[in-house]
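Peer 1: Oh and the sequence shown: position 22 is 60 in the numbering used here, straight run, nothing missing. Glycine residues also receive a C-beta, built at the ideal position from the N, C-alpha and C atoms. One structure coming up, written as structure tokens, with questions to follow.
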Amino acid sequence: ELPRGATGVEWGTDLSFVGVYVRALLPGGAAEQSGLVEPGDQLVAVGGAPVFDATFDAAMTALATVGAAPTLEFFRGSREELLEAVGRETKKTGTATVTVVDPSGRRREIVVQPGANLRDTLVNDGIDVYRGTTAWTNCAGHQMCGTCIVDVVDGAAATNRKSNDEEGTLNLQGCETSCRLSCVTFVYGDIEVRVRPDREGGFFGSATSGSAW
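Structure, rendered in structure tokens:
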């Protein structure tokens, strides 16, 4: 048991923002004094509730809302070892699969290395992520035009989080909350995406998108 808000732990996560581990112990803190926690330990449960597969934000919320001296459970080992211990299948090859659904419903799978840029992955495989004239007027992945929108219909937790700028650009175009700008999306696990999804507004910068220049 460690006191809430004073655990003496600096928490960390990877770029997928799923799963939490002990990045460091603060000198003289409760965790260090307990002698039970070490850097690298994986946070498994908070107050009996599992968080081993929770997002970083969800795990921090769980820590903030439990009792004054919550019981924290840890796993000593890598995240891969933790997932194997709880019966979750892990990719031993260190790859991720992007399943792409085009507007006609056809499906295609692309195997990538974790951390791959989603737009580059799709474009390099000959998949068109643009609508209409934006096929010729886009910024070629330089994060300027806001037109390479895809809908991440499954596996969003295996991508990086949206920035405020990305969220604002998508909101201006009437996109669903599951939509992403593929040029700023990075893949860390299996996902499924729908390309050229329908949306209420036009492309970013057009008169119908609410964001005309």
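DSSP three-state call for residue 162: helix, strand or coil?
Peer 2: Of the three classes helix, strand and coil, the one that applies to residue 162 here is helix, per DSSP.
Peer 1: Run through DSSP, which three-state label would residue 95 get?
Peer 2: Helix.
Peer 1: Going by beta-carbon coordinates alone, are residue 110 and residue 64 separated by less than 8 Å?
Peer 2: Not a contact, by the Cβ cut-off of 8 Å.
Peer 1: Measure the alpha-carbon distance for residue 87 versus residue 104 and round it to whole angstroms.
Peer 2: Each residue's Cα considered, the two are about 10 Å apart.
Peer 1: Since residue 112 and residue 75 should fall inside the 8 Å C-beta cutoff, what is the C-beta to C-beta distance between them, to a whole number of angstroms?
Peer 2: Right, the Cβ-Cβ distance comes to about 6 Å (below 8 Å), so this counts as a contact.
Peer 1: Return helix, strand or coil for residue 64, following the three-state DSSP convention.
Peer 2: Coil, per DSSP.
Peer 1: With a threshold of 16 other CB atoms inside 10 Å of the CB of residue 162, please say whether the residue is buried or exposed.
Peer 2: Exposed, by the Cβ-count rule.
Peer 1: If we count the other Cβ atoms within 10 Å of its Cβ and call it buried at 16 or more, is residue 176 buried or exposed?
Peer 2: Per the 10 Å Cβ criterion, buried.
Peer 1: Taking the alpha-carbon of residue 120 as reference, which of 56, 183 and 202 has the nearest alpha-carbon?
Peer 2: Nearest of 56, 183 and 202 to residue 120, Cα basis: 56.
Peer 1: By how many angstroms is the C-alpha of residue 148 removed from the C-alpha of residue 202?
Peer 2: So the alpha carbons of these two residues sit roughly 28 Å apart.
Peer 1: Helix, strand or coil, according to DSSP, for residue 76 in the structure here?
Peer 2: Reduced to three states, the DSSP call for residue 76 is coil.
Peer 1: Quick one: Cα of residue 101 to Cα of residue 68, how far?
Peer 2: Their backbone Cα atoms lie some 15 Å apart in a straight line.
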